[in-house]
Amino acid sequence: MRIAIACMGSRGDISPLLAVARVFADRGDTVTIGCTVESQAYVASHGFEPHVLTTLNLKEFLQSPQGQEKFFGASTTTQLREVGKLADSHADEFDTRLAALCRDVDCVISTRIIEERAALVTHRERVPLVMVEYFPGDVHSAVPNPLLGPRMQDVTARIPALIPLTYRIFNIGWALSIFAKTVELAKRVEYPRRVIDPRSVLEGRDILRFEAFGRALVPPRSRIDARHPRIGFIRIDGRPADRAERDAMIEDWIARDERPIVYVGFGSMPVVDFDGLVTDLAAMLAESGMRVIAVPGWSARTRDEIVDTPDLLVVPDVDHDGVFPRCAALVHHGGAGTTAIAAASGRPSLVCSQAFDQHFWGRRIEAARAGAILPRRRMTARSIAEGVLALVEDERIIEGARETGVRAVADLGGRAEFLAAFDAFIAEVDGARAATDPR
Numbered sequence: 006m007r008i009a010i011a012c013m014g015s016r017g018d019i020s021p022l023l024a025v026a027r028v029f030a031d032r033g034d035t036v037t038i039g040c041t042v043e044s045q046a047y048v049a050s051h052g053f054e055p056h057v058l059t060t061l062n063l064k065e066f067l068q069s070p071q072g073q074e075k076f077f078g079a080s081t082t083t084q085l086r087e088v089g090k091l092a093d094s095h096a097d098e099f100d101t102r103l104a105a106l107c108r109d110v111d112c113v114i115s116t117r118i119i120e121e122r123a124a125l126v127t128h129r130e131r132v133p134l135v136m137v138e139y140f141p142g143d144v145h146s147a148v149p150n151p152l153l154g155p156r157m158q159d160v161t162a163r164i165p166a167l168i169p170l171t172y173r174i175f176n177i178g179w180a181l182s183i184f185a186k187t188v189e190l191a192k193r194v195e196y197p198r199r200v201i202d203p204r205s206v207l208e209g210r211d212i213l214r215f216e217a218f219g220r221a222l223v224p225p226r227s228r229i230d231a232r233h234p235r236i237g238f239i240r241i242d243g244r245p246a247d248r249a250e251r252d253a254m255i256e257d258w259i260a261r262d263e264r265p266i267v268y269v270g271f272g273s274m275p276v277v278d279f280d281g282l283v284t285d286l287a288a289m290l291a292e293s294g295m296r297v298i299a300v301p302g303w304s305a306r307t308r309d310e311i312v313d314t315p316d317l318l319v320v321p322d323v324d325h326d327g328v329f330p331r332c333a334a335l336v337h338h339g340g341a342g343t344t345a346i347a348a349a350s351g352r353p354s355l356v357c358s359q360a361f362d363q364h365f366w367g368r369r370i371e372a373a374r375a376g377a378i379l380p381r382r383r384m385t386a387r388s389i390a391e392g393v394l395a396l397v398e399d400e401r402i403i404e405g406a407r408e409t410g411v412r413a414v415a416d417l418g419g420r421a422e423f424l425a426a427f428d429a430f431i432a433e434v435d436g437a438r439a440a441t442d443p444r
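Following our numbering, the numbering of the sequence shown begins with 6 at its first residue and continues without gaps.
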């Protein structure tokens, strides 16, 4: 089988797709990986040749003074608008490369954000589409739309009758935001019908959508749909071989000292003066008998070398599965993947929400009594230290995190669930097409 996988977003968005790509490749399928310019090295580290779909570098934008001002100092709506503008400026390049990636394949796998574009560039072949979602996006969801602003989410969460409306309103805004570029692409690929609603290009297509964020933190949808199943989070199996030396160094640092550890990492959300923040935080927590292991992610640093002191270890990455359960508390940005592994670790989280769906995941952690939320605007070394100490001194939170961990461990088996549903979907589509083939 020939499979094209378009990996868009941060490492947390890409990792689940690489996890299933590895299984496909190992069983003999031909897998082609498309990715962003900043993720090509990560794709290559997992044994795949990266095909860059866009030269837009979101990491550089978020690190820049303009990105810090326009993105992090803005509402969720403005954040989405700014990212949309950037994407539109590279749309022609992206569409051309996406079409090339999807040529002569039997299936296309990606995430919800490019669903309409994938449908258009494959409209003649009508290949099956598989979309992976990392947060609720359906009117039948039992929780508010995660892409609403934090205040709106909090208000509608208390009025269940309004929850479906949050998705309908967002869908209208989404359709308006992608309308012009969707129409433009439809003309380029000679789509046979006039496009009034961008979502109309999905009509009549064989599409399997996965809610790949598990069941422990988010209630089930009110409608069961075999083509829209809920599965656990999809994880990469094992660690790349080139991480072995670093992992051994981390193990050595952990073993040197019996003081409790606090993990700090903000993933693809750059923090201004990351080194200063974690240095001050480590000093404050050391006064309470704790130490810090920190991962900069996309944060620009004043120095790139590893920091290794008794109170602070700064490394490029860690094995979340191996490190999280050994921490007293976890400080993170609330990305879907990090939240899933944090919840399964049984350790309390301080979610420093910064953009997109992160406030939503912070609230889900709070609802499970497994941690607390600290918005970026209030995030300082002092507020993080106070938040961590509040968590580790609250027996109710510690027990809630432990209970959540028992439930959430089952949410880490999404890869097997994905493959079972994927194979059944492809067999169903192939069977239906064979039945209608006049030959």
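Quick reminder that beta carbons are idealized off the backbone N, C-alpha and C, glycines included.
Around the beta-carbon of Asp262, fewer than 16 other beta-carbon atoms lie within 10 Å, marking it exposed. Between the alpha carbons of Arg193 and Lys90 lies a gap of roughly 20 angstroms.
Leaving aside the five residues that flank Gly237 on each side, the residues in its chain whose CB is nearer than 7 angstroms to its CB run, in chain order, Gly219, Ala415, Asp416, Leu417, Gly418, Gly419 and Glu422. The three-state secondary structure of Ile266, taken from DSSP, is strand. Within the same chain, Val319 and Val320 come within 7 angstroms of Ile311 by CB-CB distance, once the 5 residues on both sides are set aside.
Under the DSSP definition of a beta bridge, Pro55 partners with Ile38.
Taking each of Gly367, Arg381 and Ser354 in turn and checking the Cα distance to Leu394, the smallest one comes out for Ser354. By the 16-neighbour rule on beta-carbons within 10 angstroms, Leu181 is exposed.
When DSSP states are grouped into helix, strand and coil, Ile164 belongs to the coil group. According to the DSSP assignment, Ser350 belongs to the alpha helix (DSSP H) that extends over Ala341 to Ser350. Exclusion of the five residues before and after Gly33 leaves no residue of its chain whose Cβ lies closer than 7 angstroms to its Cβ. Boundaries of the alpha helix (DSSP H) harbouring His325: His325 to Val328, taken from the DSSP string.
Note: Thr116 is bridge-paired with Val137 in the DSSP secondary-structure output. Restricted to the stretch 219-305, the alpha helix (DSSP H) segments that are unbroken, complete and at least 4 residues in length are 249-260 and 279-291, listed in chain order.
Counted as a single uninterrupted DSSP element, the alpha helix (DSSP H) harbouring Glu371 occupies residues Gln363 to Ala372. For a cut-off of 8 angstroms, the C-beta gap from Gln45 to Val277 is around 26 angstroms, too long to register as a contact.
Of the residues assessed, Asp100 falls on the buried side of the cut-off, its CB having 16 or more other CB atoms within 10 angstroms. Residue state for Glu216 is assigned as strand, using DSSP reduced to three classes. Taking a contact to require three or more Cβ pairs closer than 8 angstroms, the stretch 223-237 and the stretch 300-310 do not qualify as touching. Counting of Cβ neighbours within 10 angstroms places Pro225 among the exposed residues, the total staying below 16. Pairwise C-beta distances place the stretch 385-403 out of contact with the stretch 170-189, as fewer than three of them are shorter than 8 angstroms. A check of alpha carbon separations from Ile402 across Phe365, Gly351, Arg381 and Arg383 identifies Gly351 as the nearest. Boundaries of the beta strand (DSSP E) harbouring Gly376: Gly376 to Ile378, taken from the DSSP string. In the DSSP assignment, the residues bridged to Cys12 are Cys40. Looking at the DSSP output, Val336 shares a beta bridge with Val269 and Leu355. Minimum Cα-Cα distance from Met289 among the listed residues Leu317, Leu67, Arg131 and Asp442 corresponds to Leu317. Here DSSP, grouped into helix, strand and coil, assigns Val312 to strand. Looking only at Ile298, Asp280 and Glu398, the smallest Cα-Cα distance to Val267 is reached by Ile298. Between Cys40 and Val48, the C-beta gap is smaller than 7 angstroms, which places the two residues in contact. Per DSSP, Val397 is one residue of the alpha helix (DSSP H) stretching across Ala386 to Val397.
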